[in-house]
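Participant:
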Amino acid sequence: FAPALAGQTVTLDTGWTNANDASALAVTGSVTIQGFTNAPGITLGMDTGVTKRHFLVNPGGALTLRHLTLTGGQGDYGGSVWNYFGSLTVRDCTSTGNAAANEVGAIQVWGGSPLLVIENSTFVSNTSDSVASAIGTGAISNSLKHLTVTANTGASGSFWLYDTVVPLHNSIIVGNTSD
């Protein structure tokens, strides 16, 4: 990102092929999106009235997010990111104010996806109408370290961990509510 974007919001307003896409950006190869390592950072937000998640990671795709804030995403599965049989790494990010109509307000990783790694990240004020307001994963390999998960609201808690082992290290999970 250009230095002039420090402290700014990059607003996403359409899909990768047209306005009917459910995600603003689709990942099919290996993509890294890196914000600034010092404050102020960069926020990826959705335009007013746009109901899309930020990212869809397609089968075989690999997305790495670093030093970003993701806000205002809305989707059926994964309000901010839906990892659909790809690999997802999130480091030093904040997910806030994202919503899902079905599963997982912030990050949803489909069962059988190869990888989910989240480190040094915060999940706050995300919502889901069904399961998991913050993180849902069925990835084959998972690592969650140094997370703060707070003020998220969903019908069945903040996490949905299915058919997988998910180590959670040195994290704070407090003040989340179920409807």
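According to the numbering used here, the sequence shown is numbered sequentially starting from 13.
From the three backbone atoms N, C-alpha and C, an ideal C-beta is built for every residue, glycine too.
Could you please give the first and the last residue of the uninterrupted beta strand (DSSP E) stretch that includes Ala111?
Facilitator: Your numbering for residue 111 matches position 99 in the sequence shown. Segment 111 to 115, the beta strand (DSSP E) holding Ala111.
Participant: Judging by CA-CA distance, which residue of Gly117, Phe171, Asn70, Gly84 is the nearest neighbour of Thr23?
Facilitator: As a first step, residue 23 must be located in the sequence shown, where it is residue number 11. When each option's Cα is compared against that of Thr23, the closest is Gly84.
Participant: When you compare only the Cα positions, how much space is there between Gln46 and Cys105?
Facilitator: For the purposes of this step, residue 46 is taken as the residue at position 34 of the sequence shown. For the purposes of this step, residue 105 is taken as the residue at position 93 of the sequence shown. Whole-angstrom Cα-Cα distance: 10 angstroms.
Participant: Between Ile147 and Asp175, what straight-line distance do the alpha-carbon atoms span, to the nearest angstrom?
Facilitator: Reading the sequence shown from its first residue, position 135 is the one you call residue 147. Reading the sequence shown from its first residue, position 163 is the one you call residue 175. Approximately 14 angstroms between the Cα atoms of the pair.
Participant: For a test of the three-state rule: what should DSSP assign to Ala18, helix, strand or coil?
Facilitator: As a working note, residue 18 is residue 6 in the sequence shown. Residue state, collapsed to three classes: coil.
Participant: Would you call the region 51 to 58 in contact with the region 69 to 76, where contact means no fewer than 3 C-beta pairs closer than 8 angstroms?
Facilitator: Touching, no, given that fewer than three Cβ pairs across the two stretches are closer than 8 angstroms.
Participant: Rank Ser35, Ser137, Val136 by C-alpha distance to the C-alpha of Tyr96 and give the top, closest one.
Facilitator: Along the sequence shown, one-based indexing puts residue 96 at 84. Selected option, being the one with the closest Cα: Ser35.
Participant: So what does DSSP say about Ser35, is it helix, strand or coil?
Facilitator: Taking the sequence shown and counting its residues from 1, the one referred to as residue 35 is at position 23. Ser35: strand per DSSP, three-state reduction.
Participant: By Cβ distance below 7 angstroms, which residues in the same chain neighbour Gly41 in space, the five residues on each side in sequence not counted?
Facilitator: As a working mapping, residue 41 is identified with position 29 in the sequence shown. The residues are Gly73.
Participant: Rounded to the nearest angstrom, what separates Ala167 and Val129 at their Cα positions?
Facilitator: Stepping through the sequence shown from its first residue, residue 167 is reached at position 155. Stepping through the sequence shown from its first residue, residue 129 is reached at position 117. Cα to Cα, Ala167 sits roughly 25 angstroms from Val129.
Participant: Could you tell me if Ser190 is buried or exposed, where buried requires 16 or more neighbouring beta carbons within 10 angstroms of its beta carbon?
Facilitator: Start at 1 with the first residue of the sequence shown, and residue 190 comes out as number 178. Exposed, by the Cβ-count rule.
Participant: What are the start and end residues of the beta strand (DSSP E) that includes Gly90?
Facilitator: Counted from its first residue, the sequence shown places residue 90 at position 78. Note, Gly90: premise wrong, no beta strand (DSSP E); not H, not E.
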